[in-house]
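The structure appears right after this line, and notes come after that.
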Amino acid sequence: MNVRNNNLLKVYQILLEELGPQYWWPAETAFEVVVGAMLTQQTKWSNVEKAICDLKGHGLLHPRTLAEADLLLLEELIRCCGFYRQKASRLKNIASFFAENPMDDVFSLPVDLLREKMLSLKGVGNETADSIILYAAHKPRFVIDAYTTRILKCMGTEGDYMQLQHLFESALPEDVGLYQEYHALIVEYSKTFCGRGRCSECLLWPGPDD
DNA sequence: CACCAGGTTGACC
DNA sequence: GGTCAACATGGT
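Written as structure tokens, this is what we have:
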């Protein structure tokens with residue numbers, strides 16, 4: 076079944092029906108979500124899992140301990156995620172922020188202010204900020220990633236990050252669970268069915284022959 | 001061996 | 001105000 080009218084809610088329903096709920100974000104704590112969001116930048120999640128596991132084993136998945144961790148050790152533990160020198164120092168900086176500003180307090184801020192705070196941290200851009208907001212703070216911000224951008228382009232819609240986010244947020248009910256599931260479904264769907272630029276068994280929009 | 005992965009930043013038009 | 005290389009490892 077194809078959707079030809081950019082009905083984003085209908086697309087969500089189709090994906091959910093086809094793939095089932097994804098229950099993202101896989102993490103035990105909010106801080107683990109923050110760390111994972113940083114590490115997964117331009118990186119496969121399987122590599123992030125390994126790093127998260129090693130960090131956990133060294134007791135570093137807490138703001139204080141991570142902020143005070145040895146930089147070289149940290150680099151070693153996250154090397155499998157790539158960009159490991161950048162990510163290590165940025166992670167320490169983010170950890171310091173949450174060591175000085177408890178997560179419960181920060182996450183209680185109005186969502187726009189929370190977003191600004193996150194964006195002010197080096198290494199946190201739009202997508203990482205929204206991932207933290209949606210999956211760690213549990214507030215409604217739709218996450219736009221490369222897959223989402225690609226899918227919308229296939230459907231004939233282009234725009235920058237904020238434009239695409241507004242598109243989703245104005246088309247959908249403001250529901251944290253829905254946003255969480257939808258973003259996860261887009262990622263899983265894309266990984267399974269879409270190569271770069273082209274889709275093999277596309278459920279969502281007309282193919283070239285259509 | 002080439003290409004990509006749940007991006008972000010700073011430099012340079 | 002937009003474009004682009006740099007950042008780096010691991011899997012197909």
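Last residue of the first sequence: 285 in our numbering, with the numbers rising by one and none dropped. Just so you know, even glycine gets a beta-carbon here, dropped at the ideal spot from N, CA and C.
query, result
"Taking the straight line between their C-alpha atoms, what separation do you get for D129 and L147?", "14 Å"
"On the CB-based measure, 16 or more other CB atoms within 10 Å of its CB, does A221 come out buried or exposed?", "exposed"
"Would you check if the distance between the CB atom of Q97 and the CB atom of L260 is smaller than 8 Å?", "yes"
"What do you reckon, are the CB atoms on V251 and K214 nearer than 8 Å?", "yes"
"How close, in whole Å, do the beta carbons of I127 and V110 come, if the pair is a contact with beta carbons under 8 Å?", "7 Å"
"Does Q117 pass the burial test, meaning 16 or more other C-beta atoms within 10 Å, or should it be called exposed?", "exposed"
"What whole-angstrom Cβ distance do Y264 and L136 have, given they're in contact under 8 Å?", "Rounded, the Cβ-Cβ distance is 29 Å, inconsistent with contact."
"In the DSSP assignment, the alpha helix (DSSP H) including D145 goes from what residue to what residue?", "It is not in any alpha helix (DSSP H) - D145 carries neither H nor E in the DSSP assignment."
"For G272, which three-state DSSP category applies?", "Below a pLDDT of 50, predicted positions are generally treated as unreliable, and G272, at 47, falls in that range; no measurement from the model is reported."
"If you run the structure through DSSP and keep just helix, strand and coil, what is G111?", "helix"
"Tell me which residue opens and which closes the alpha helix (DSSP H) that L239 is part of.", "236-246"
"What is the DSSP secondary structure of P101, counted as helix, strand or coil?", "coil"
"Closer than 7 Å to a non-hydrogen atom of the ligand SAM - does that hold for the CB of M193?", "With respect to the ligand SAM, the structure offers nothing, as it holds no ligand at all."
"State the DSSP-derived secondary structure class of T232, mapped to helix, strand or coil.", "coil"
"Taking just the CA atoms, how far does P177 sit from F217?", "24 Å"
"If you follow the alpha helix (DSSP H) that Q117 is part of, which residue opens it and which one closes it?", "Counting along the chain, Q117 falls outside any alpha helix (DSSP H), and DSSP gives it neither H nor E."
"Measure the Cβ-Cβ separation of Y254 and L209 and say whether it is below 8 Å.", "yes"
"Report the rounded CA-to-CA distance for T224 versus Y87, giving the unit in angstroms.", "15 Å"
"Given that a residue counts as buried once 16 or more other Cβ atoms are within 10 Å of its Cβ, and exposed if not, what is E175?", "exposed"
"What's the C-alpha gap between G134 and K228?", "42 Å"
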